[in-house]
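Just so you know, the sequence shown maps onto residues 18 to 243 in this note's numbering.
For every residue, glycine included, the Cβ atom is placed at its ideal position computed from N, Cα and C.
Shown next, in structure tokens, is the structure this report addresses.
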Amino acid sequence: MTIDILTLFPEMFEGPFSLSILKRAQAKGHVTINLHNIRDWATTKHKNVDDYPFGGGAGMVMMVEPVVRCIEELKSKTSYDDIIYLSPDGELLTQPLANRLSGNQNLLILCGHYKGIDERIRTHFITREISIGDYVLSGGELAAMVLTDAIVRLIPGVLNDETSALSDSYQDNLLSPPVYTRPYDFRGLLVPDVLLSGNDKEIAKWKYEQSLERTRQRRPGLCNET
Ligand code: ADE
18 MTIDILTLFP
28 EMFEGPFSLS
38 ILKRAQAKGH
48 VTINLHNIRD
58 WATTKHKNVD
68 DYPFGGGAGM
78 VMMVEPVVRC
88 IEELKSKTSY
98 DDIIYLSPDG
108 ELLTQPLANR
118 LSGNQNLLIL
128 CGHYKGIDER
138 IRTHFITREI
148 SIGDYVLSGG
158 ELAAMVLTDA
168 IVRLIPGVLN
178 DETSALSDSY
188 QDNLLSPPVY
198 TRPYDFRGLL
208 VPDVLLSGND
218 KEIAKWKYEQ
228 SLERTRQRRP
238 GLCNET
């Protein structure tokens, strides 16, 4: 998979993309992530990327020209399954949506900033808008990192143990069961004995019941939310 990310702040991605699973996924060739600085496509002498909104109002608006020039150049080389704009107005990111997107070959992700992007970009170039939650971030970069992580870890082969993505919270509309590691006895707090029983059937049953109970208590509407 190839993910092209358009941003005014490529430096923001350096840490998250160069560690852990995202680092390994790139090193193993499961995904190529390209960061593009929108400012490189600015046409004015001062490389402006934002301007005042027509009709007034607070905040600046990202200009149509640098963004569209960048998108057009990338589109001339790559055929994208989706051109995604991250915005609080978008469709809510859920595990089923991450699953669907992880099956794509090429994605382009546009990060907005300031008060938003010129509406003509949204209507003529964006094919999908995604929100990572009902709150407003200062820009789309953090949302793009969340979206990229959620997608990339689902690409087959990225996780060492294929089943570990399958047993994630939300993958089957249930939260994950509790997990424990050594020591068995921490200041008198014991690990449930069933987990040491060696009885795979009993362990699976216990995990399922714990998942059900946790989902009932914490997210009773989860089954209806996807
Ligand atoms: N940009 C600003 N807020 C956002 C959100 N909640 N989701 C996605 N992109 C955003």
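Check: By Cβ distance, which residues of its chain are closer than 6 angstroms to Pro27, with the 5 residues on each side in sequence left out?
Finding: Taken in chain order, the residues that qualify are Leu52, Asn54.
Next item on the list: Take Asp101 as the anchor and find which of Thr144, Lys62, Asn123 has the nearest alpha-carbon.
Entry: Per the sequence presented here, residue 101 reads as Ile, with Asp not at that position. Out of Thr144, Lys62, Asn123, Thr144 has the C-alpha closest to the C-alpha of Ile101.
Item checked: Straight-line gap, Asp135 to Asn65 (C-alpha atoms, nearest Å) -> Roughly 14 angstroms between the two C-alpha positions.
Next item on the list: Express the C-alpha separation of Cys87 and Leu159 in angstroms, rounding to a whole number.
Entry: Taking the straight line from one Cα to the other gives about 21 angstroms.
Check: What first and last residue would you give for the alpha helix (DSSP H) that runs through Glu31?
Finding: Per DSSP, Glu31 belongs to the alpha helix (DSSP H) from 31-34.
Margin query: Which residue marks the beginning of the alpha helix (DSSP H) containing Glu28, and which one marks its end?
Written below: Glu28 -> no alpha helix (DSSP H), and no H or E assigned at all.
Note to self: On the criterion of 16 or more Cβ atoms from any shown chain inside 10 Å, does Glu59 qualify as buried, or is it exposed?
What the structure shows: What sits at residue 59 in the sequence shown is Ala, not Glu. With 16 or more other Cβ atoms within 10 Å, it is buried.
Notebook entry, point to check: What is the DSSP secondary structure of Tyr102, reduced to helix, strand or coil?
Noted result: When DSSP states are grouped into helix, strand and coil, Tyr102 belongs to the strand group.
Checklist line | C-beta atoms of Val169 and Val48 nearer than 8 angstroms | finding: In this structure, Val169 sits near Val48, with a CB-CB distance shorter than 8 angstroms.
Note to self: Using the three-state DSSP reduction, which class does Asp151 fall into: helix, strand or coil?
What the structure shows: Residue state, collapsed to three classes: coil.
Check: Exposed or buried, Val78, counting other C-beta atoms within 10 Å across all chains shown (16 or more means buried)?
Finding: Around the beta carbon of Val78, 16 or more other beta carbons sit within 10 angstroms, so the residue counts as buried.
Note to self: So, with DSSP's three-state summary, where would you put Met18?
What the structure shows: Met18: coil per DSSP, three-state reduction.
Notebook entry, point to check: Going straight from the alpha carbon of Asn216 to that of Met18, what length do you get?
Noted result: Looking at the two C-alpha atoms, the distance is approximately 40 angstroms.
Item checked: Separation of Gln112 from Tyr187, as counted between CA atoms -> Cα to Cα, Tyr187 sits roughly 6 angstroms from Gln112.
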